[in-house]
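Structure record follows, encoded as structure tokens.
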Amino acid sequence: MRRAFLGEFEEIILLVVAACTTEAYGVNVWEDVQQQTGRAITMSAVHTTLYRLEEKGYLSSVLGGATAERGGRRKRFFTLTGLGVRALQDIQAVRARLWQAIPQDKFQLIVG
Amino acid sequence: MFQANQPPQWADRLLEWCCAPHLLEDVQGDLHEVYQKRLAEAGPAKARRDYVVAVLHHLTPFFIRRKKTVLRPGEYPSPSPLNPDMLRNYITIALRTLAHNKAYSVINIVGLSIGLAAAMLIILYTKDEVSYDRFHANAPRLYRITSRELSPAGKVENRQGNTGLLQGPTFAAGVPEIQSFVRYKEDRHDMKQGTDVVSQSVFVADTSFFSVFTFPLLSGDPKTALQQPRSVVISEDMAAKQFGTTDALGKTIFFKRSFDNGDTFEPYTVTGVVRQMPQNSSIRFDVLMPMVVTPQEMTNSENWFNIFENTFVLLTPKADIQAVEAKMNRIYRADAAASIKMMAEKFGFKNKVEYALQPFTAMHLSQDLRADNGLVGGSNPLFSYILTGIALFILLIACINFVNLTVARSLKRAKEIGVRKVVGSGRAQLMFQFLGESFLLCFGAFVLALILVQLVLPTFNQLANKSLALAYLLDGRLVLGYIGLFLLTGFLAGFYPALVLSRYSPVQTLYKRISLSGKNYLQQSLVVLQFALASFLVIATLTIYSQFNYLTNKDLGYDDKDLVSIDKSGLTRSEAKLLHDELLKNPNIVGVAPKNGGQWGTVAKINEGKEINFTYETIDPAYLPLLKIPVRQGRNFSADFPADSTHSVLVNERFVKEAGWKDPIGQPVDFWYNKGEVYTVVGVVKDHHFNGLSQEIGPQLFTTKPGNQFGKAFIKIRPNTASASLQYIERTFKRLFPINPYAFSFVDEDNLKRYESEAKWKQIMLFGAILTIFISCIGLFGLATLSAERRTKEIGIRKVLGASVTSIIQLLSSDFLKLVLLSFVVAFPAAWYAMRQWLQNYPYRIDISAWTFVIAALLALLIAFVTVSFQSIRTALTNPVRSLRSE
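Top to bottom, those sequences are chains A and B.
Residues in the first sequence are numbered consecutively from 992, following my numbering.
Residues in the second sequence are numbered consecutively from 317, following my numbering.
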């Protein structure tokens, strides 16, 4: 199986979409990411990443949910695909393995 | 209108305009949603600013790029004609069509490339002709002094490109616009080369030569190279020949002036080695020496009329030619007044001489004022015209074929066009496809043409007496011309399917068979044109061939077989006798007759005062019998009449006719300018072509006057003893005249050499005719194939109904043969007229025979029939089952 390759920001976006309790689309993903990370992020960065992830097959999308404040324009709702789920799990597994490999007293030694 | 609850309109517009359509809806929606939120939280100003910033953030390539990779169900790409997938498809289809119709493809490409190659060759040739002498940096300001003689009545009697010693310096001194002048003339000197003595052509010129003309020196100083009288500038080749190296500066070469017998060899120091002179230069020398003129000669006013060399002048920029010419003539009339008077008194020369300037670059192709007397390469612009004509013919025919075949083949592709249109192809795409295809073919033909030119160039150089190279084509304007030609041909070939067929509605092309009745006329007239051109060239070739045969085989009136000519300047009477006696000791030598060198012309008075110009031949009594020239009336010179040498002359029949004598024997001929020289005609010689057949036989007078020097000797040898005789002649000559260069030639070979240019043109015409026929044939072959293919079903049905193979061949061939016949109607009158004009150039010429036309017609018909029947026989023999089986 091809190793999932995700950048840090892509991983965050993917996780935010996964964590979203409502349907995820540009605006709420953007807000969540800023909230969760505490970074100021532009909307275009979020959009770019979402579309990239869709191109890579980690996300899929449907249009729908037009509202008045959007001028009747539909939202693009993103959901995780199987590939996206597996990619997140992979990353998780790798991290977990690495965490476990750290000798127990090492951090204490460094931190003092 | 400013609406607070809406984001700024211009930003919205910008976004709509820039953002790719498939992303726009949700991106814009998201931005609007955020705007509304910000509006509520932070007020309109902040919200608007944020909105603009967000929009600007979206103006990245990611959003701007129109994509079709993210295709969602229900969305289709809109392909552009330049889409790589479409391009790949076009190329695939083009290659498949080419591979599928190999015969057409080969005919198309090879035919066009032959035409292009011919055009390129001719362009090379004419470019070389037109560019003659233009490489001099001063070329636009260089002129040659010429003159014309006007009769007292004001009629131009004679034009003269040559001048004498005085014109250059006198005009240069008197006319401020003349910056400098160069006199240039050819001499022959004897030159020591190792142990041998060779007769070398030597040029002499004024010191200013290298500042007026652009001939870079490999070594030596151009300013001083010609200053010392005993200096010499030699070419690279000569340096290599003499010294084996081009590093020859300061070395010595020994020369002896041929004219003065008593002189000895004198050393000349090499003061310069000139770089290889360009091919297209009228001035070409191996040895150049400074011109030395004595002060006496320069003050002798008679020298105004002693004309034997070229004088070139360099004018100041912006000089007015007419003003300069007027000033020159004023100076001439003042300076030469005494001499003009003297000429009028002594020779009765009453004509007025006027001087003029001829542009240096116009010399090469000038017919009245030729590049002669030491200038080389003088050419006839007619040659360029004829060649250009042939090339245009061939190119035209090749283009016609290319267009014709592409159009004919594209009819078969009407279905393809229909299908393409049905699946959504636009006209622009079809035009792009078909034009692109024809440009691709054209490009292939160009590449092939370049290869062909490279291959043929050596042969062509030999034919046209040039040394052209392909690199010559690399010239801004020519390259532009080629690109133009390429675009034009490509467009003409592609325009029918691209512009006409693409217009039809797909229903028409797919459902009905489109009949293109109008186009048949076009194709037919193109075939007629091709064959008209081909048969024109065939007739021209045949006529030139028979005129050439006539020129080379006609009886010249004297016997030039086994006749050797050797040159010996200043051959005295006693030397001639010695040579004669020594040579006749060998039984292979039949006879020896000396004669003056070169050709002399002079004037004398007859019939009490009438002047007559004639060729003045100094011979001895053995001359006429040796050359088997019969004496018609009177007698030959004879040793029995000792007074012959001082009192008698012989004349030819033409002389008698011009003089209007009824009884020529005993008539006096008065050389009035030499006191007391009056001769009596003792015999009339039969007219013979002493100057070859391109000139009319003129009056000729023979004398044995002892004061006239011999310059050469004719030696008759026994047939088939050439090598032994020549060896003996050479040994004897070298023994008798050790310091004279020895050179021999056979008179019959010399006579053939007179027709070298005709021989060259004969070859070029033949070459052109064969090419034209070949290209016409492949064109016809292609058309016949197509027509046979189009009529496959018809022929199948005819065969089923009982048509014989012969009748079908007849059916298929007769259409084309009719066209060929029609082409004769166009070609024959044109050919007859053109050939008659051409033959006018020759005083002795053939009549245009009807057989020429018959042969040309039969040839064209035969070739056309063979070409067409090759295809029609194959079609006629196919089994009708095969052609009728499928619909």
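Using N, Cα and C, we set each Cβ at its ideal position, and we do this for glycine too.
No experiment lies behind these values; they were computed from the predicted model shown.
With distances taken between CA atoms, residue 458 of chain B lies nearest to B/631 out of B/631, B/433, B/994. Not flagged as an interface residue toward chain B: residue 1005 of chain A, since no C-beta distance is shorter than 8 Å. Residue 1024 of chain A has a beta carbon lying at 8 Å or more from every beta carbon in chain B. Per the Cβ contact rule, the segment 927 to 934 of chain B is in contact with the segment 1016 to 1026 of chain B (3 or more Cβ pairs under 8 Å).
Look at residue 772 of chain B: its C-beta is not under 8 Å from any C-beta on chain A. Chain B has no Cβ within less than 8 Å of the Cβ of residue 1030 of chain A. Annotation for residue 1053 of chain B: 884 place their beta carbon closer than 7 Å to its own, counting only its chain and skipping 5 residues before and after.
Interface flag for residue 1066 of chain A against chain B is set, since a Cβ pair is found closer than 8 Å.
The way I'd put it, the segment 705 to 714 of chain B does touch the segment 847 to 860 of chain B; three or more beta-carbon pairs between them come closer than 8 Å. In the structure shown, residue 525 of chain B falls within a helical segment according to DSSP collapsed to helix, strand and coil. The Cβ atoms of residue 601 of chain B and residue 519 of chain B sit closer than 8 Å to each other. Taking CB atoms only, residue 327 of chain B has no neighbour in chain A less than 8 Å away.
For residue 467 of chain B, same chain residues with a beta-carbon under 6 Å away, outside a window of 5 residues either side, are 473, 667 in chain order. When rounded, the separation of the alpha-carbon atoms in residue 782 of chain B and residue 1193 of chain B is 52 Å.
Under DSSP, residue 509 of chain B takes part in a beta bridge, and its partners are B/512.
The Cβ atoms of residue 882 of chain B and residue 1059 of chain B lie closer than 8 Å to each other. Using a CB distance below 8 Å, the part of the segment 1046 to 1065 of chain A facing chain B consists of 1046, 1054, 1057, 1058, 1060, 1061, 1062, 1064, 1065, ordered along the chain. Annotated as proximal: residue 700 of chain B and residue 445 of chain B, with beta-carbon spacing under 8 Å. Residue 877 of chain B sits exposed, since fewer than 16 C-beta atoms from the chains shown fall within 10 Å of its C-beta. Pairing residue 471 of chain B with residue 669 of chain B, the inter-Cα distance amounts to about 11 Å.
Segment contact: the segment 1156 to 1176 of chain B against the segment 1125 to 1134 of chain B, fewer than three CB-CB distances shorter than 8 Å; contact not assigned.
For the 8 Å CB-CB criterion, residue 627 of chain B and residue 484 of chain B form a contact.
Listed in chain order, the non-local C-beta contacts of residue 896 of chain B below 6 Å within the same chain comprise 908, local neighbours out to five positions each way being set aside.
Chain-order list of chain B residues neighbouring residue 1017 of chain A: 342, 343, 345, 346, 347, 349, 350, by C-beta distance under 9 Å. Secondary structure note for residue 1090 of chain A: its alpha helix (DSSP H) is the uninterrupted segment 1073 to 1092. Within the segment 351 to 370 of chain B, the residues whose Cβ lies closer than 9 Å to any Cβ of chain A are, in chain order, 351, 352, 353, 369, 370. Interface annotation, residue 1040 of chain A: not in contact with chain B, CB-CB separation never under 8 Å. Put simply, the CB of residue 1033 of chain A is near chain B, with a gap under 8 Å to one of its CB atoms. Of the residues assessed, residue 734 of chain B falls on the buried side of the cut-off, its CB having 16 or more other CB atoms within 10 angstroms. Listed in chain order, the non-local C-beta contacts of residue 331 of chain B below 7 Å within the same chain comprise 344, 371, 374, local neighbours out to five positions each way being set aside. Residue 378 of chain B has a beta carbon lying within less than 8 Å of a beta carbon in chain A. Secondary structure of residue 328 of chain B (DSSP, three-state): helix. Secondary structure within the segment 940 to 1000 of chain B: the beta strand (DSSP E) runs of 3 or more consecutive residues, fully enclosed, are 947 to 950, 964 to 968, 984 to 987 (chain order). Per DSSP, reduced to three states, the secondary structure at residue 933 of chain B is strand. Listed along the chain, the chain A residues whose CB falls inside 7 Å of the CB of residue 373 of chain B are 1033, 1034, 1035. By the neighbour-count criterion, in which a residue is buried when 16 or more other Cβ atoms sit within 10 angstroms of its Cβ, residue 1081 of chain B is buried.
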